[in-house]
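What follows is a short report on a single structure.
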Amino acid sequence: MSLLRLRNVRLLLIATVTLMLYGCSGEDPAPTSSSGFAGLAEDVDGFEHARPNQPLIFPQEHAAHPDYRIEWWYLTANLKDAAGESLGLQWTLFRQALMPPSERPAPTPWAADQLWMAHMAISHGKRHQVAERFGRSHSQAQLSTPQNNQAGVVASPFHAWLDDWQLKENEEVASTDFNHLTLTAYSDEGESRFGYRLELTAEGPLVLHGEEGFSQKAANGQGSMYYSQPFWRINGDVTLNGETKTVSGRGWLDREWSSQLLDARQSGWDWFSIHLDDGHKLMAFQLRGAGDGSGGSADIERGADYRSGTWITPQGDATPLATDDITLTPLESSVVAGRDIPTRWRLEIPSVGIDINIEAPHANRWMTTSVPYWEGEVVVNDRTSGDSLGVGYLEMTGY
Numbered sequence: 000m001s002l003l004r005l006r007n008v009r010l011l012l013i014a015t016v017t018l019m020l021y022g023c024s025g026e027d028p029a030p031t032s033s034s035g036f037a038g039l040a041e042d043v044d045g046f047e048h049a050r051p052n053q054p055l056i057f058p059q060e061h062a063a064h065p066d067y068r069i070e071w072w073y074l075t076a077n078l079k080d081a082a083g084e085s086l087g088l089q090w091t092l093f094r095q096a097l098m099p100p101s102e103r104p105a106p107t108p109w110a111a112d113q114l115w116m117a118h119m120a121i122s123h124g125k126r127h128q129v130a131e132r133f134g135r136s137h138s139q140a141q142l143s144t145p146q147n148n149q150a151g152v153v154a155s156p157f158h159a160w161l162d163d164w165q166l167k168e169n170e171e172v173a174s175t176d177f178n179h180l181t182l183t184a185y186s187d188e189g190e191s192r193f194g195y196r197l198e199l200t201a202e203g204p205l206v207l208h209g210e211e212g213f214s215q216k217a218a219n220g221q222g223s224m225y226y227s228q229p230f231w232r233i234n235g236d237v238t239l240n241g242e243t244k245t246v247s248g249r250g251w252l253d254r255e256w257s258s259q260l261l262d263a264r265q266s267g268w269d270w271f272s273i274h275l276d277d278g279h280k281l282m283a284f285q286l287r288g289a290g291d292g293s294g295g296s297a298d299i300e301r302g303a304d305y306r307s308g309t310w311i312t313p314q315g316d317a318t319p320l321a322t323d324d325i326t327l328t329p330l331e332s333s334v335v336a337g338r339d340i341p342t343r344w345r346l347e348i349p350s351v352g353i354d355i356n357i358e359a360p361h362a363n364r365w366m367t368t369s370v371p372y373w374e375g376e377v378v379v380n381d382r383t384s385g386d387s388l389g390v391g392y393l394e395m396t397g398y
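Heads up, the sequence shown is in this note's numbering, so the first residue is 0 and it goes up one at a time.
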């Protein structure tokens, strides 16, 4: 075996671990070191870096950014079937560059400088079904097509895929404006088969987070390029437990790319996407600093904590929310996969009149993927009256 192939095998093993962008490692908490949570604070030379005053240009930004180290296309959805029963849905495509652009090999059938991972999940009552897949590709543009690569993303017409899991422009709609997409993903066979085919229609504009798309993640300036489409109207079919149901509801798609995302002291994060019944949307997250990487409150280094968010009107106008605007307080925890996971929160944003409780109706939303994390649907209630205000999704890592 040549030295180049040996190096690529080693890089493949390393990247398979660090590609798990939203998790913690194995049975033990993710370590905090100079590389930070899951390696996302690693100082990497030769890659492009997210920074302020970097205009986002569409539709190009919908495609992959192979000169950045990490990237994802992340869809969550709150749905109901014809009987009014709630379902939750997740589909995520992750990309990681194996090496900086200057070190990449020439494209050949065996050369791969990008690794890909996809997650899918369906939640219905106590049932939570999860699957994942892995793929590889070369970054060179002329190979970035489904015919030539196992996985990839192109901008126009939009197409994101890993094998036959795909999110793409709806071929029945004469449009390439990222407003009409079809999502298809199935796993297993026979009675164990589960998955979905869904039609997504955007009912509002794209939303840029942070400073015109640059989302700071730490006081020292680390961050990502980050935008969302929080206005998806979703219709389609979901198959679970040997039964196919017609569903409809609301979806939220996040897009982020970076090369050095976090502060080295940050041990994990809590991320919320909320659809309020009055038409407003809310994204909020906090990154937790912890001395030993446990994510526990006893050893939090407050200097590494960081919060941010975006308040979105029904028309799509976005107001950035700073660290001091947001207070997140865990109210109740559940034991999930041997970990204490906060499944009930209080969120306060006085500047926009928000004081709400956010609760997971079902705690068992543990993603049993190669590197696990918690991801599930939540309900939103008024803190004082208890009145229902909306639904959303919550992601938690590093516990």
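For glycine and all other residues, C-beta sits at the position ideal for the given N, C-alpha and C.
With which residues is ASN234 paired in a DSSP beta bridge? Locating residue 234 in the sequence shown gives position 235, counting from the first residue. According to DSSP, ASN234 bridges with GLU198, SER247.
So, VAL340 versus LEU239, is the Cβ gap smaller than 8 Å? On the sequence shown, residue 340 is found 341 positions in, with the first residue counted as 1. On the sequence shown, residue 239 is found 240 positions in, with the first residue counted as 1. For the sequence presented, residue 340 should be read as Ile rather than Val. Their beta carbons are not under 8 Å apart, which means ILE340 does not touch LEU239 by this criterion.
Which runs of the beta strand (DSSP E) spanning at least 3 residues fall entirely within the region 78 to 103, listed in chain order? 85 to 96
Is the beta carbon of LEU327 sitting closer than 8 Å to the one on GLN285? To locate residue 327, count along the sequence shown from 1; it is residue 328. To locate residue 285, count along the sequence shown from 1; it is residue 286. Yes; because the gap between Cβ atoms is below 8 Å, this pair is in contact.
Beta carbon of ARG135, beta carbon of TRP164: below 8 Å? If you number the sequence shown from 1, residue 135 lands on position 136. If you number the sequence shown from 1, residue 164 lands on position 165. No, these two residues do not count as a Cβ contact at 8 Å.
Kindly indicate the opening and closing residues of the beta strand (DSSP E) around SER266. Within the sequence shown, the letter at position 267 stands for residue 266. Looking at the DSSP string, the run of the beta strand (DSSP E) that includes SER266 is 265 to 275.
Would you identify the three-state DSSP class for GLN59, choosing helix, strand or coil? Position 60 of the sequence shown, counted from the start, is the residue given in the question as residue 59. Three-state DSSP puts GLN59 in a helix.
Provide the residue(s) that pair with SER332 in DSSP beta bridges, ordered along the chain. Position 333 of the sequence shown holds residue 332. DSSP, once it has assigned bridges, lists PRO341 as partnering SER332.
TRP109 versus LEU86: straight-line alpha-carbon distance, rounded: As a first step, residue 109 must be located in the sequence shown, where it is residue number 110. As a first step, residue 86 must be located in the sequence shown, where it is residue number 87. So the alpha carbons of these two residues sit roughly 41 Å apart.
If you scan the region 169 to 228 from start to end, which runs of the beta strand (DSSP E) of 3 or more residues do you find wholly inside it? 179 to 186, 193 to 201, 213 to 215
Less than 8 Å between the beta carbons of VAL206 and ILE348, yes or no? What you label residue 206 is simply residue 207 of the sequence shown in a count that begins at 1. What you label residue 348 is simply residue 349 of the sequence shown in a count that begins at 1. Result no, Cβ atoms of VAL206 and ILE348 do not sit closer than 8 Å.
What residues match up with ASN380 in a beta bridge as DSSP calls it? In the sequence shown, counting from the first residue as 1, residue 380 sits at position 381. Answer is ASN356, SER387, bridged to ASN380.
ASN52 to GLY212 span [Cα, whole Å]: Here residue 52 corresponds to residue number 53 of the sequence shown, with the count starting at 1. Here residue 212 corresponds to residue number 213 of the sequence shown, with the count starting at 1. The alpha-carbon atoms of ASN52 and GLY212 are separated by roughly 9 Å.
Check GLY290 in the structure and name its three-state DSSP category. Residue mapping note: residue 290 aligns to position 291 of the sequence shown, counting from 1. Confidence is the limiting factor: at GLY290 the pLDDT is only 44, short of 50, which leaves the residue's position unreliable and the question unanswerable from this model.
Option in TRP71, LEU388, LYS79, ALA63 with minimal Cα separation from ARG232: Translated into the one-based positions of the sequence shown, residue 232 becomes position 233. Among TRP71, LEU388, LYS79, ALA63, the Cα nearest to that of ARG232 is on LYS79.
CA-CA distance, HIS158 and LEU180? Your numbering for residue 158 matches position 159 in the sequence shown. Your numbering for residue 180 matches position 181 in the sequence shown. Each residue's alpha carbon lies about 9 Å from the other.
Span of the beta strand (DSSP E), counted from its first residue to its last, around GLU131: For the purposes of this step, residue 131 is identified with residue 132 of the sequence shown, where counting begins at 1. Start and end: 126 to 136.
Three Cβ pairs or more, each shorter than 8 Å: is that satisfied between the region 55 to 62 and the region 349 to 364? no
Excluding five sequence neighbours on each side, which residues of the same chain lie with their C-beta closer than 8 Å to the C-beta of TRP373? Residue numbering aside, residue 373 sits at position 374 when the sequence shown is read from its first letter. So the list reads VAL335, ILE340, ARG364, TRP365, MET366, LEU393, GLU394, MET395, THR396, TYR398, once near-sequence residues are dropped.
To the nearest angstrom, how far is it from the Cα of VAL43 to the Cα of PRO99? In the sequence shown, counting from the first residue as 1, residue 43 sits at position 44. In the sequence shown, counting from the first residue as 1, residue 99 sits at position 100. So the alpha carbons of these two residues sit roughly 9 Å apart.
Here's the rule I'm using: 16 or more other beta-carbon atoms within 10 Å means buried, otherwise exposed. How should ASN356 be labelled? On the sequence shown, position 357 is the one that residue 356 refers to. Counting Cβ neighbours within 10 Å, ASN356 comes out buried, since at least 16 surround it.
For GLN149, which three-state DSSP category applies? Translated into positions along the sequence shown, residue 149 becomes position 150. Coil.
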